[in-house]
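Number of protein chains: 2
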Amino acid sequence: MTIEPEHPPDDVQQHLRDVQELLARQKVVENLVHRQDMPRHALVEGLLHKQHLAELQNRLDEFHPADIAYVLESLPLDDRLVVWNLVKAERDGEILLEVSDAVRESLIETMDSHELKAAAESLDADELADLAPDLPPEVFEDVLKSLDSEAREQLRAAMSYPEDTVGARMEFDMVTVREDVSLEVVLRYLRRFDKLPDHTDKLFVVDREDHLKGLLTLESLLTNDPEDEVAEVMRTETVISFEPDDDADEAAQAFERYDLVSAPVIDKEGRVVGRLTVTDVVDYIREESEQEILSKAGLKEEEDIFASVWDSVKNRWAWLALNMVTAIIASRVIGLFEDSISQLVALAALMPIVAGIGGNSGNQTITMIVRAIAMGQVEQSALKRLLRKELGVALVNGVVWGGFLGLMAWWLYASWQLGAVMTSAMTLNLLLSACAGVLIPMIRTRMGKDPALGGSVMITALTDSGGFFIFLGLATIFLL
Amino acid sequence: MTIEPEHPPDDVQQHLRDVQELLARQKVVENLVHRQDMPRHALVEGLLHKQHLAELQNRLDEFHPADIAYVLESLPLDDRLVVWNLVKAERDGEILLEVSDAVRESLIETMDSHELKAAAESLDADELADLAPDLPPEVFEDVLKSLDSEAREQLRAAMSYPEDTVGARMEFDMVTVREDVSLEVVLRYLRRFDKLPDHTDKLFVVDREDHLKGLLTLESLLTNDPEDEVAEVMRTETVISFEPDDDADEAAQAFERYDLVSAPVIDKEGRVVGRLTVTDVVDYIREESEQEILSKAGLKEEEDIFASVWDSVKNRWAWLALNMVTAIIASRVIGLFEDSISQLVALAALMPIVAGIGGNSGNQTITMIVRAIAMGQVEQSALKRLLRKELGVALVNGVVWGGFLGLMAWWLYASWQLGAVMTSAMTLNLLLSACAGVLIPMIRTRMGKDPALGGSVMITALTDSGGFFIFLGLATIFLL
């Protein structure tokens, strides 16, 4: 492809279709030959087979590693392994970095320790740190031995930071310059590079001990007079940097807020130890939001859509078990009122509405509060104000929707008393769900825990059992 | 702040606390004076008040617009407006761009048309396009008249594209160069700029009619010999570009996949018309994932946490109403079996478990399928394979969890027949939820609709009503 610009999204889908077609053609050949089991055909098959695979291999060689990763993720296991075996060994490492965890596991399982070692050695220290947890320990030991001492130190550093810190996400490649040279010297220095580290939009100005003195953006390097000294044009105010222990989430928010492409990572003494780039941040944001969506739906981790039934069951059972416990509790609450239900069977039909709407409303509240806490917008001092507001919303909803349902119950079962109980129970359960929606995340935050985790299950459990209890309790007191 | 690097995340929280303290101090003064209503105090109050406000104003002047936006979002309405009035008028525009939609509305409501016009006129065409929908029509008309013809054309163009396309997100600022000049000439040309457009990591090489010929990265500009011609070092292969009509989501995936910082946007004839940057993409990714999380919880849009009760009710009622309709349908399904329940009241206690677990399991399936479809990993041809796998998972879960619940029902109500009905109903409802979890998003995709939308409500409705029907139906047939 020369001048004509490509459209990558269509492209990668086209890539996938090409691969699928080549795989399908190969299978047709295999089937043909298997049906007519003659030696001559075996020969033809061998040739044709090789021809298709060679064509496929040529196509794969042209693909970007991210595109190969995409193709691998989109293929069922058997086809996936055919493609994986055609990929040039020296590209294995970068492709393993790009695929999802589940697919990476399926690929690593098929590689022997020699191949794994070769793949791992093709990577930078920070990339290796990402791959390390998936490698067999003996392979990792071998790789560690093959590194020079600087890279080994970097790898150890990268792996020593918890997953959600800046340290675990930073890169070690960067360009540093001194402040007492002219821009001309910097320009000449850069010309000696074949290639700059990815996403270099600024150079780090440091002293002899690597202390950060300022930032020289490529923009100021390019728009200022080459005779100027670095010290004159470098940025020293509002230099945004991070420490390795900083929370990756806060760094991501800063990248978004200040539209950064790269930022230095410094240690406690102000020495530059690494660099954080927008790629790391984009990956982080995507991972976090995926994780949030998956965990809200009760999936432990991203699932290879072509995973075995057994792997899928393992990914999903914990959530189902948890929900079953809360469902059994709610069921036992109903069990307390079996006498009442047998006297007035309408209660059985109406009770799920009270519980369900309470759960929905509580989830709205908790989602909003959790988001606001994550953005740092909620001080503990705002508790009363938020509680007052959410109770207000619950009261309005209780009167409006509860009133409507009360009228419906009255009309269906010709009992205004039943209607009144319905309206009261709805309102009380909505007030309960509002309190819980505000208090659960606020209390979890005060206890230093993640406000998002498990909030949805807790609130649903509470509004289910609570809704049944309130409705059946009120009915038992006032109707029977 | 000079050399010492800042830590922006702590910083912005500190900013917020500073502002809150200054606001609180001012209120103390106001209260003091109001209590002792004497003219002399009024004078003092006036001075102190002014002094605190002046101090606050000075602090605000130092803040990054994104930080001011953050502070505004974190303050209740009355404090928010105090701060907003202290912000320098020429910064209004950029701050309005940064705040969330709900907060923007609350700010715009307090501005007169003159202020709004001034704020709008400080923005670029592409920024103005984002703000335009929130402006009163007469203000927008005025602003349009004040633009030069090029900017007006750009604004019209940006506003003519649907929200989720590249065209609506692109910027118009960019640097283009010719291919027949030397890098030295390019370097001299750049020195004439005070400032490059944000996130310029590459220059676009174009001919006289603005047709894209290639890309000149700053990297190759800096690492190659200045004597080289642009044509020799520019990239012409795998030039990734977009058209204005392209889906923003696909562009975002391409930016992530190929780690882009900026990319040209070209029209059908290959002429460069704009530029897409990673900032736009980061914003888009964040917005989309926010939107997904909010809509899953039934919130129409991001909510100002300090919104009035009434605004919150409006943001949430549609989802509650929809859920109420499905709850009423489920309730009527139960109503069909009131005779059975009155004969065997244990059914009322057990039925919510069948419905609830079915809903949870269905949501797991649909979340996984929707994600895979969004990533383009699911061809319609995979339908059978996915269905087979999900039915397998459902069967395992049905036998394991359904078996457990059946034993529990047998133990609680001393009836093995009830236990058998429980196990069968659980299994059937899980199979139903698996079918629905695969088919709903696949069919919606085939119909050209968003597979994510409303799937969760549909599947919950189906597994609720379906679960009640299956369980109570089986019980009626086999137990009574």
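Chain order of the listed sequences is A and B. So the first sequence is numbered by my numbering: it starts at 1 and just counts up by one. So the second sequence is numbered by my numbering: it starts at 1 and just counts up by one. By construction, the Cβ of each residue, glycine as well, lies at the ideal position given by its N, Cα and C atoms. Computed from a predicted model, the values in this text were never measured in an experiment.
Exercise. Quick one, are the C-beta atoms of Val309/A and Val396/B less than 8 angstroms apart?
Worked result: yes
Exercise. With C-beta atoms as the reference, is Thr365/B less than 8 angstroms away from Ser433/B?
Worked result: yes
For this session: Whole angstroms is fine: what's the gap from His558/A's alpha carbon to Asp225/A's?
Result: Outside the displayed span of chain A (1 to 480) sits residue 558/A, for which this structure offers no information.
Problem set entry | Cβ distance (whole Å) where Ala425/B is taken to contact Leu474/B below 8 angstroms | That belief holds up - the Cβ atoms of Ala425/B and Leu474/B are roughly 5 angstroms apart, short of 8 angstroms.
Problem set entry | Counted within 10 angstroms of its Cβ, other Cβ atoms place Leu480/A as buried (16 or more) or exposed | Counting Cβ neighbours within 10 Å, Leu480/A comes out exposed, since fewer than 16 surround it.
Problem set entry | C-beta neighbour in chain B for Lys50/A, strict 8 angstroms | no
Exercise. Hey, quick one: how far does the alpha helix (DSSP H) through Gly403/B stretch, first residue to last?
Worked result: Gly403 to Tyr413
Problem set entry | Which residues DSSP lists as bridging Glu229/A, in chain order | Ser182/A
Exercise. Which word fits His52/B, buried or exposed, when buried means at least 16 other C-beta atoms lie within 10 angstroms of its C-beta?
Worked result: buried
Exercise. Looking at C-beta atoms only, is the number of pairs between the region 219–239 of chain B and the region 151–158 of chain B that lie closer than 8 angstroms three or more?
Worked result: no
Exercise. If we ignore side chains and look at the alpha-carbon of each, how far apart do Gly335/B and Trp401/B end up?
Worked result: 27 angstroms
Problem set entry | Cutoff 8 angstroms: Met324/A Cβ touching any chain B Cβ | Put simply, the CB of Met324/A is near chain B, with a gap under 8 angstroms to one of its CB atoms.
Exercise. With DSSP run on the structure shown, which of helix, strand or coil describes Phe204/A?
Worked result: strand
Problem set entry | Residue range of the alpha helix (DSSP H) that includes Val139/B | Pro137 to Ser146
Problem set entry | Chain-order list of residues whose beta-carbon lies under 7 angstroms from that of Ser146/A (same chain, five-residue window excluded) | Glu121
For this session: Round the Cβ separation of Asn323/B and Val438/B to the nearest angstrom and send it over; I've been treating them as touching at under 8 angstroms.
Result: Incorrect: roughly 23 angstroms between the Cβ atoms, too far for contact.
For this session: Would you kindly work out how many angstroms separate the C-alpha atoms of Ala452/A and Cys435/A, rounded to a whole number?
Result: 16 angstroms
Problem set entry | Whole-Å CB distance - Phe204/B paired with Met174/B, under 8 angstroms assumed | So it is a contact: roughly 6 angstroms between Cβ atoms.
Problem set entry | Near-chain B residues of the region 256–267 of chain A (beta-carbon distance less than 7 angstroms), N- to C-terminal order | Glu256, Arg257, Tyr258, Asp259, Val261 and Ile266
Problem set entry | Residues that Phe193/A contacts on chain B, provided the C-beta gap is smaller than 9 angstroms | Glu219, Leu222 and Thr223
For this session: Taking Glu219/A and Lys195/B to be in contact with their CB atoms under 8 angstroms, please state how far apart those CB atoms are, rounded to whole angstroms.
Result: 7 angstroms
Problem set entry | Under 9 angstroms from the C-beta of Thr367/B: neighbouring residues of chain A | Ile293, Leu294, Lys296, Ala297, Gly298 and Leu299
Problem set entry | Glu301/A versus Asn315/A - alpha carbon distance | 7 angstroms
For this session: Can you say whether Val206/B is buried or exposed, counting buried as having 16 or more other CB atoms within 10 angstroms of its CB?
Result: buried
Exercise. Mapping DSSP to helix, strand and coil, what is Lys213/B?
Worked result: strand
Problem set entry | Top-ranked residue by Cα proximity to Gly448/A, from Asn429/A, Asp464/A, Thr476/A and Ile373/A | Ile373/A
Exercise. Do the CB positions of Asp267/A and Val261/A come within less than 8 angstroms of each other?
Worked result: no
For this session: Alpha carbon to alpha carbon, how far is Thr423/B from Ala349/A? Give it in angstroms, no decimals.
Result: Per the coordinates, the alpha-carbon of Ala349/A lies some 22 angstroms from the alpha-carbon of Thr423/B.
Problem set entry | Helix, strand or coil at Gly274/B [DSSP, three-state] | strand
For this session: Excluding the 5 residues preceding and the 5 following Glu379/A in the sequence, name in chain order all residues of the same chain whose CB lies nearer than 7 angstroms to its CB.
Result: none
Exercise. How is Glu171/B classed by DSSP in three states: helix, strand or coil?
Worked result: strand
Exercise. Cα separation between Arg178/B and Ala69/A?
Worked result: 36 angstroms
For this session: Quick one: give me the first and last residue of the alpha helix (DSSP H) that Pro65/B is part of.
Result: Pro65 to Ser74
Problem set entry | Chain-ordered neighbours of Pro451/A on chain B, where CB pairs are closer than 7 angstroms | The contacting residues do not exist; Pro451/A stays about 14 angstroms from chain B at best.
Exercise. Of all the residues that make up the region 70–83 of chain B, which are near chain A by a beta-carbon distance shorter than 8 angstroms?
Worked result: From the region 70–83 of chain B, only Tyr70, Glu73, Ser74 and Pro76 have a Cβ closer than 8 angstroms to chain A.
Problem set entry | Counterpart residues of Ser262/B in DSSP-defined beta bridges | Thr277/B
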